[in-house]
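Chains as they are written, first to last, in the numbering used here: chain A, 1344 to 2114; chain L, 2 to 56.
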């Protein structure tokens, strides 16, 4: 099968084009470095199927970054039948630098002039026929975003792939043209393929080329003896780059005709950036936008209208029975949208999903099982073990999807790229670069790709520090813990708002991450803060199709996880809570004699300083089990509560009132835990914080091990996660329970800071000698 | 113990053993340990390929 490689600058639209060609759901991000490695797919609309390879975004073929090495090695070694060079038409001159290098390779090539719609919208024009004539390769106008010109591009690429192309260079008019010819001739004699490309790279003193052709370095050194440029001396790399830019400026730039006024006017993106990346208001605006996202996802009083206008509840409107149930199905549907306040979109979707769909389904299935002639233990395993566990996790699918949707909108619109820029400005003086914030923000989705993205960080210490704090940015899997516990606090204690608590926990995670990185960079992981250069792409409305594709991908993965790992975990937990050490089957009320209770009780005292240890009495071991189960997958924390909740209700003889004994709802399961253990609010918050900051799931741990490569750093990372989560949990519980302990913690923190400053010689304790 | 109970035990055993075996096989093949994350841009084949590149 023929192979076509997509090559171009970051943010030129390669991955958007790749998705269109292959139908893949590869993520489209706006940050350089999102695609760290190549991806491949198949385009099926040519005369034959064609393999499409999406290379990482690169600015040149010089070997300074892993992305450049990967792209260059692929083109030279794998010899694709055609290179499709995606050029951002709104930044033609910069993008053509890479084009001039690709032209020096003996591979058929087509230039895809992307974002042509944006050029036309700005009132500019590009003479693509003239550009084609000057480049010597076909130029096709496309808009990957609007899906125009794609068929023409692929037809042209297929057409040229069958015809060999001889490389050409724009440097023939430069002062080193004779040197290029000499080196090229020498390489041809050695039967080296792509001699022109290798010749110019050798002249640039490219370290890969020099290593491969040491014998030819002499030719270049002899030439340098008698050569001296007025500006660059014998720095041939600079000379070559200058030659390229001069050529582009003189011969290619004139193909663009700009409207005069468009050059002087600020674009809409520039105007938006004046506000959104403001040096003082940038971070507060980010915090407000983040709060808005949580409000839209979790709030049960949308825009606080219920509080402002004192809206009546359904009970006050006489729409509920004496038992507090909706009068009819219509009221049931209304209850999903309103009850004394209008619910936010996330909560509405959540209520419809849980009350009208999942709740009904599992309730019906549970009824079928109860009515069967199966033995009680089998009924218990299916209903309590499997159905409760799975339904509790599935009940969080809507908030996960809604939150993910909003984050995707922020990312696809281009705003997330600005956050790294804003944070870089604020934290650079403390040793943190914006480049490190990009993988951290990715951690909001999942820790695994976030940790992999740290490959873009050149400094090993910065990379290690970033990997260590990524789990503090709560991933989607931790959302059920946050939502269930926050919802239970509001429902059981009648305190606060779920959106405020969830938002607060996310902020605690972010603050903990930043403080941790600052500590690490000041102590064990010191290093220079790398310069941060990032392209800010223009803001644009996210593509609906892309968003829906991401959501569908998320749904599939979540369902798959629920019916594999979570299902297996709930089965194991149910078995271990219903059998004693001597393998005698136990009834629900005998749960404290189970294997799991026995083992967990041994570990339970460790968590006493965090509020969910010995003080929780005979049922507190469930929290320990939840923490350990959460190491497999964080969703297991709530699944554990749900699986054990109905046993606890029986065992602890709890009066649950309106709470469903089946406890298929995660929030109800946590309420059962609260009732049976009498756990306090500070301890619950401490539990959330501990789970947010402790060792992440096994997948993330394995990824960290793979990325760190160094056994000492890996073990240090595990220790860091354990210590930081323990300290954060202990802080929250002790300060929340006894406010005056705040001063003890402040003194301890002050001592640590002073110690670090002394160690870093910022404070000199030695007495000055008298002169 | 009737037939439904036996079927239940068999199915549950298959699920648990299957998940463990699948995880072990993936680890031995050097594949990405995260098969459940939907943000695939950095994940797709990356761990196995990076292992090959580093070697």
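In this text, a Cβ means the ideal position worked out from N, Cα and C, and glycines have one as well.
| query | result |
| --- | --- |
| Residue 1501/A burial status per 10 Å Cβ neighbour count (16 or more: buried) | buried |
| Neighbour flag for residue 1373/A against chain L, beta carbons, 8 angstroms | Because the pLDDT of residue 1373/A is 40, which lies under 50, any placement of that residue in the model is unreliable, and the question is left without a value. |
| Cβ-based burial, residue 1592/A [other Cβ within 10 Å; buried from 16] | exposed |
| Within chain A, partners of residue 17/L - CB distance below 7 angstroms | 1911, 1914 and 1915 |
| Coil, strand or helix - residue 1990/A by DSSP | helix |
| Whole-angstrom C-beta distance between residue 2019/A and residue 2072/A, which should lie under 8 angstroms | Contact flag wrong, Cβ pair sits at about 21 angstroms. |
| In DSSP terms, what residue 1425/A is bridged to | 1347/A |
| Contact set between residue 20/L and chain A, taken where Cβ atoms lie within less than 9 angstroms | 1907, 1908, 1910, 1911 and 1912 |
| Span of the alpha helix (DSSP H), counted from its first residue to its last, around residue 1384/A | No alpha helix (DSSP H) holds residue 1384/A; the beta strand (DSSP E) holding it covers 1382-1386. |
| Boundaries (first-last residue) of the alpha helix (DSSP H) holding residue 1698/A | Taken as a continuous stretch (DSSP letters only), residue 1698/A belongs to no alpha helix (DSSP H), as it is neither H nor E. |
| Any non-hydrogen atom of the ligand NAP closer than 7 angstroms to residue 1715/A Cβ | In the structure shown, the ligand NAP is absent, as is every other ligand, since no ligand is present at all. |
| Positions along the segment 1710-1722 of chain A whose CB lies within less than 9 angstroms of some CB in chain L | 1715, 1716, 1717, 1718, 1720 and 1721 |
| As assigned by DSSP and simplified to three states, the class of residue 1738/A | coil |
| Under the three-state DSSP convention, the category residue 2007/A falls into | For residue 2007/A, the predicted structure reports a pLDDT of 47, less than 50, and the residue's modelled location is therefore unreliable. The matter cannot be settled from this model. |
| Where residue 1568/A falls, given that 16 or more other Cβ within 10 Å makes a residue buried | exposed |
| Min CB distance residue 1551/A to chain L below 8 angstroms | no |
| Residue environment, residue 1833/A, which counts as buried when at least 16 other CB atoms sit within 10 Å | buried |
| Closest Cα partner of residue 20/L within the set 2024/A, 1913/A, 1942/A and 2043/A | 1913/A |
| Inter-residue Cα distance where the pair is residue 15/L and residue 1977/A | 23 angstroms |
| Coil, strand or helix - residue 1681/A by DSSP | strand |
| Neighbourhood of residue 1464/A by C-beta, 8 angstroms cutoff - its chain only, sequence neighbours within 5 removed | none |
| Proximity test, Cβ basis, 8 angstroms: residue 1488/A and chain L | no |
| Cβ-based neighbour list, residue 1810/A, same chain, cut-off 7 angstroms, excluding 5 preceding and 5 following | 1794, 1797, 2047, 2050, 2051 and 2060 |
| Spatially closest choice to residue 1487/A from 1459/A, 1467/A and 1507/A, by CA coordinates | 1459/A |
| Residue 1905/A classed as buried or exposed, judged by whether at least 16 other C-beta atoms fall within 10 angstroms | buried |
| Residue 2005/A versus residue 1665/A: straight-line alpha-carbon distance, rounded | Residue placement at residue 2005/A is flagged as unreliable, the pLDDT there being 40, under the threshold of 50; a coordinate-derived value is accordingly withheld. |
| Residue range of the unbroken beta strand (DSSP E) whose run includes residue 1483/A | 1482-1484 |
| Under 8 angstroms between C-beta atoms of residue 1749/A and residue 1636/A | yes |
| Contact set for residue 1715/A: own chain, Cβ-Cβ below 8 angstroms, skip 5 residues either direction | 1722 |
| Pairwise C-alpha distance: residue 1910/A and residue 1893/A | 24 angstroms |
| Residue environment, residue 1533/A, which counts as buried when at least 16 other CB atoms sit within 10 Å | exposed |
| Where the segment 1971-1987 of chain A meets chain L: residues whose CB sits under 9 angstroms from a CB there | 1976 |
| For residue 1350/A, the nearest candidate out of 1587/A, 1387/A, 2065/A and 1423/A (CA to CA) | 1423/A |
| Residue-chain proximity (residue 1724/A, chain L), Cβ-Cβ < 8 angstroms | yes |
| Inter-residue CB distance, residue 1546/A and residue 1570/A (contact presumed, cutoff 8 angstroms) | In fact, because the Cβ distance is near 11 angstroms, the residues do not count as touching under 8 angstroms. |
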